[in-house]
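**Student:**
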Amino acid sequence: MSAIESVLVENRVFAPSPATVKAARISGMAAYDALCAQANNDFEGFWARLARDHVVWSKPFTRTLDESNAPFYKWFDDGELNASANCLDKHMGTPVENKTAVIFESDDGTVTKTSYRELLTRVSQFANALKAHGVKKGDRVLIYMPMTLEGVIAMQACARLGATHSVVFGGFSAKALQERIIDAGAVAVITANYQMRGGKELPLKAVVDEGLGMGGCESIKTVFVYQRTSTACNMVAGRDKTFTQALAGQSNECAPVAVGAEHPLFVLYTSGSTGKPKGVQHSTGGYLLWAKLTMEWTFDLQNTDVFWCTADIGWVTGHTYVAYGPLAAGATQIIYEGVPTFPNAGRFWQMIERHQCSIFYTAPTAIRSLIKLAEGDSKVHPDRYNLDSLRILGSVGEPINPEAWMWYYKNVGHERCPIVDTFWQTETGGHMINPLPGATPLVPGSCTLPLPGIMAAIVDEAGHDVPNGVGGLLVVKRPWPSMIRTIWNDSDRFKKSYFPEEMGGTIYLAGDGAVRSADRGYFRITGRIDDVLNVSGHRLGTMEIESALVSHTALVAEAAVVGRPDDLTGEAVCAFVVLKGARPTGDAAKAMAKELRDWVAKEIGPIAKPKDIRFAENLPKTRSGKIMRRLLRSIASGDTATQDTSTLENPAILEQLGQTW
Ligand code: WTA
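Its first residue numbered 36, the sequence shown is counted upward by one per residue in this note's numbering.
#1: What whole-angstrom Cβ distance do Tyr151 and Ala474 have, given they're in contact under 8 Å?
#2: Between Ala545 and ligand 1, is the CB less than 7 Å from at least one heavy atom?
#3: Does the Cβ of Met127 have 16 or more other Cβ atoms within 10 Å, making it buried, or fewer, making it exposed?
#4: Measuring only from the beta carbon, is Val176 closer than 7 Å to any heavy atom that is part of ligand 1?
#5: Ligand 1 and Gly197: does any heavy atom of the ligand fall closer than 7 Å to the residue's C-beta?
#6: Might you give, ordered along the chain, the residues of its own chain that have their beta carbon closer than 6 Å to the beta carbon of Gln191, omitting 5 neighbours on each side?
#7: For Glu433 versus Gly640, is the C-beta spacing smaller than 8 Å?
#8: How long is the line joining the alpha carbons of Gly248 and Ile255, rounded to whole angstroms?
#9: Exposed or buried, what is Thr400 when buried is set at 16 or more other beta-carbons lying within 10 Å of its beta-carbon?
#10: DSSP puts Ile432 in a beta bridge; with which residues?
#11: Please classify Thr657 as buried or exposed, where buried requires at least 16 other C-beta atoms within 10 Å of its C-beta.
#12: Using DSSP with H/G/I as helix, E/B as strand and the rest coil, what is Ser582?
#13: So the candidates are Val294, Lys530, Arg649 and Leu486; which of them puts its Cα closest to the Cα of Asn75?
#14: How about Gly215: is its Cβ closer than 7 Å to a heavy atom in ligand 1?
#15: Which ranges does the alpha helix (DSSP H) cover as unbroken runs of at least 4 residues, wholly within the region 40–71, from first to last along the chain?
#16: Which of the three DSSP states is assigned to His390 in this structure?
#17: Under the rule that 16 or more other beta-carbon atoms within 10 Å means buried, what is Arg84, buried or exposed?
#18: Is the beta carbon of Cys482 within less than 7 Å of some heavy atom of ligand 1?
#19: With DSSP as the reference, please indicate the residues paired to Asp275 in a beta bridge.
#20: Glu288 by DSSP, collapsed to three states: which one?
#21: In the DSSP assignment, find the alpha helix (DSSP H) that holds Tyr322 and state where it starts and stops.
#22: Is any heavy atom in ligand 1 found nearer than 7 Å to the beta carbon of Val351?
#23: Exposed or buried, Ala594, counting other C-beta atoms within 10 Å across all chains shown (16 or more means buried)?
#24: If contact is defined by three or more beta carbon pairs under 8 Å, each pair taking one atom from either stretch, is the region 541–548 in contact with the region 264–280?
#25: Less than 7 Å between C-beta atoms, sequence neighbours within five positions excluded: which residues of the same chain meet that for Lys661?
#26: Output the distance between the C-alpha atoms of Lys407 and Leu471, rounded to the nearest integer angstrom.
#27: Asp614 and Leu590 look like a contact to me (Cβ under 8 Å); what is the Cβ gap, rounded to whole Å?
#28: Between the Cα of Leu237 and those of Thr264, Phe96, Ala223 and Ala211, spot the shortest distance and give me the residue it belongs to.
#29: State the beta-bridge partners of Cys344 as determined by DSSP.
#30: Where in the region 88–149 do unbroken runs of the alpha helix (DSSP H), each at least 4 residues long, occur, reported from the N-terminal end onward?
#31: By Cβ distance below 6 Å, which residues in the same chain neighbour Leu70 in space, the five residues on each side in sequence not counted?
#32: Taking 7 Å as the cut-off, does the CB of Phe458 come closer than this to any heavy atom belonging to ligand 1?
In structure tokens:
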């Protein structure tokens, strides 16, 4: 039975225990319903109250929502605040001041603890260093850092000055970096000499140098280099500064710069269905409100919790649930530099035990790979570790199949910890559809119900609601504070991508298909409806990978990329390639496939490397010359039953397309 079929017949329900309900912030479904009713009855009043209660404003707002220029919605826009002050300064003089903000565990297992007071000092000092090098409010700063405390400090320091950060995941290539620097018009790069992952030292600064060397990056005035390891790296005189050099003599006090609520806190690039990655622009006020509030709602965060989100700061999850949310909520959080399988696949369980983690938030891909390893080797099975500190588990980034859900629930949560399966996106800024641990009965594989105030619905192509049990397009009918504000430099693309004219131009189209269960109305996400793939929870555009392949002009004549289901990574990248020369076979095909994979790694990053490469003399096309992507998808997944080849111009190539290298 496939994962999807088993969800369709899913009838296991796990209600929270009475004790969990009793202790929770949102206690029971009646409390959830009451919040939803408040949002329904007085939408603006609901959000205004939350924004007053959860955000520290240096100038209070008087306007809650401005829809006059929809879909360019504005929230709290005459209010002023500083994001870093909301994460750090506000805790000074409270019991949180001396609480541990971050437990950092490095790749090699070294642990350092940093209090809120110390973190404020370090962020302030780094902000002063940025300021001394000319970085100011409104500038863009590109961050290309390992998953270390210094990455969070860099983000917070930018926020402190009102500079807009753009974090690029350390697995992206020099070319990807260069494109983002140019698009954002960044004035500085913050990076490290190397990053440590799984015991290996991987270069970061060398990649930055290569990207800057590709040209067009003249806006960059300074490159700040954190010396993560003792290995030397190339330093360009006048342009490059080590952290030590930049911080020397800087005061550890820096007044936070107040910005308007709509001021762009960050731009984060993500893949879309066409063209280049888009710079998703987020606001300061609305974003911060939701980052803090969802920590309290979704994770039921309590004062004594030790929170651990395993996402890298290069992704939106690492923005909202590492760099901002936990700090705004005054939590103690774990930040881990390395990979889940080093030195062995028991690393996560060992760290949960060592640091007494109580809320653990990770991706289905990580769970699936750890299941496989744990079931193969009892030494790395969660049973070997004391996981009694856990009270809530979370899942993010891709659909979690019920089998993985059940394993996580039993073996990690010991049937005691609710699993919050959180559906959201880079564009939504924070959680959208997920259970509340002290209220919502759980159904494996379902993200259950929208958070209060999030007007999610499922509609047909014309924008009309579909009944429960019928699949359709996931939309959000009203704006919400942490939503994407625009695509950096491309407001047209923003409107076209997310607010289709056919639906009136003001309803947010998520890009996912979904269906609500007939009995409870629970949402289940059925996957992207566009050409975006989700590989190990990483978003990749098929068009982006196709462009990368055909940019190898010496070799490649034509390429088509589709996704296919993969047990471990959710989806896998499958590339169909027509070469300029003859179709290779045997060792020549293997060598060619390797060359093309390396090429994609160089153009985009190793995460985009196609798992399957298939060579054909031609791509399957209709008589009007369109590539038959649907057919390619069924060929890629080995699903012969659905292969309608009746309109295929050249049926002979089907066999060639079946062979993977
Ligand atoms: C998918 C990650 C099913 C979805 C936070 C979405 C999910 C895309 C879930 C966004 C989930 C995310 N269940 N699918 N709980 N969470 N997705 O921008 O297809 O990296 O559109 O944001 O991931 O990916 P992004």
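Virtual Cβ for every residue (Gly too), placed ideally from N, Cα, C. None of the values given here were measured: they were computed from a predicted structure.
**Tutor:** Concretely, from the data shown:
#1: Their Cβ separation, rounded to whole angstroms, is 30 Å, which puts Tyr151 and Ala474 out of contact at 8 Å.
#2: yes
#3: exposed
#4: no
#5: no
#6: Ser119 and Val158
#7: no
#8: 11 Å
#9: buried
#10: According to the sequence provided, residue 432 is Gly. The question's Ile does not apply to it. Answer is none; Gly432 lacks a bridge partner.
#11: Answer is exposed; the Cβ neighbour count stays below 16.
#12: helix
#13: Leu486
#14: Residue identity differs from the one stated: residue 215 is Arg in this sequence, not Gly. Checking the Cβ of Arg215 against ligand 1 gives no.
#15: 53–58
#16: helix
#17: exposed
#18: yes
#19: Val258
#20: Coil.
#21: Gly320 to Trp332
#22: yes
#23: buried
#24: no
#25: none
#26: Straight through space, the alpha carbons of Leu471 and Lys407 are spaced by roughly 29 Å.
#27: Asp is not the amino acid found at residue 614; the sequence shown has Leu there. Indeed, because the Cβ distance is near 6 Å, the residues count as touching under 8 Å.
#28: Thr264
#29: Tyr396
#30: 118–122
#31: Pro487
#32: yes
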